[in-house]
Amino acid sequence: MKNSKKIHFFPLVFLSFILILSLTLFPSFSAQPVKFTEEEKQILEEGKLLKKPVNPNQSSGYRGGKSYILIEDDIEVCYRAMTDLKNYYYFYDDTLIEASILKKEQNKMLIKMVYGKGPIKTKYHAWYTMLPGQHTIKYKVEPNLQNDLRDGYGYLKFSKYDDKRVLMTNVVMVDFSDNILWKLLGNKITTGMMRLPEYLKRFLKTPESKKYRK
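For the sequence shown, the residue numbers in the working numbering are 3 to 216.
Next up, the structure:
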């Protein structure tokens, strides 16, 4: 009987270890709610965008960070508006030239984004993964297509903050590589990506957003 208990005990410990390791290395998008400091809560309560940028990593080249905003609207409306690429022309400033869908696969779509200013243009391709049950959109640059940046990834998530408001979480990390075009536009584009929650909140107050309230 002792040997039998030992045989069953080891797999149980091993599986528990694997579970803990997987949760550590691959955190779920449905993780615990974000905790804010009192100062950060005040920024959100004032209706402002809360930004948590990361310092550019000199060794990897990644820039970006996290940003949050409270939106007084229905969570489904927020999610539907965010998954419609046509709205990106309203969200971004005049640096966005093209936002198009090249391919769709169930809950995924391959998109093409082109930015520019005057004669300067630069582009990238990325896979968007829609998780409607979690009100989350994940994205990752497609490395097998021609891109003017080395890598990029992140996610957008909507969660209920209280009875009337939705918290929008925006996480973005981009590696601009040594491309001279991205060096010229990089800061402006990164700022635009960090301000995406602010852009969506503004868009939801326009007449164009009515179609998502049906």
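Cβ atoms here follow ideal geometry from the backbone N, Cα and C, with glycine treated the same way.
Counting only unbroken stretches of 4 or more residues, the alpha helix (DSSP H) elements lying wholly within the stretch 117 to 202 are 182 to 196, in sequence order. Collapsing the DSSP output to three states places E107 in a strand. In the structure shown, V56 adopts extended strand secondary structure according to DSSP, grouped into three states.
Taking C-beta separations shorter than 7 Å and ignoring five residues to either side along the sequence, the partners of K114 in its chain run E100, S102, L104, K125 and H127, following chain order. With contacts defined as CB atoms closer than 8 Å, V79 and T171 fail to qualify as a contacting pair.
Beta-bridge analysis with DSSP links R65 to V176. Beta-bridge annotation (DSSP): Y70 is paired with L52 and T171.
R197 is classed as buried because its beta carbon has at least 16 other beta carbons within 10 Å across all chains shown. If you draw a 10 Å sphere on the C-beta of G194, you find 16 or more other C-beta atoms in it, and that means buried. Between K50 and G67, the gap from beta carbon to beta carbon reaches 8 Å or more. The straight-line gap separating the alpha-carbon atoms of K212 and R82 is approximately 11 Å. L72 places its beta carbon less than 8 Å from that of L169. Residue state for K213 is assigned as helix, using DSSP reduced to three classes.
Bridge partners of K114 according to DSSP: S102 and H127. Rounded to whole angstroms, the gap between the alpha carbons of T39 and D165 is 21 Å. With respect to the C-alpha of G156, the residue from T192, I122 and K216 having the closest C-alpha is T192. Taking the Cα positions, G135 is about 11 Å away from S161.
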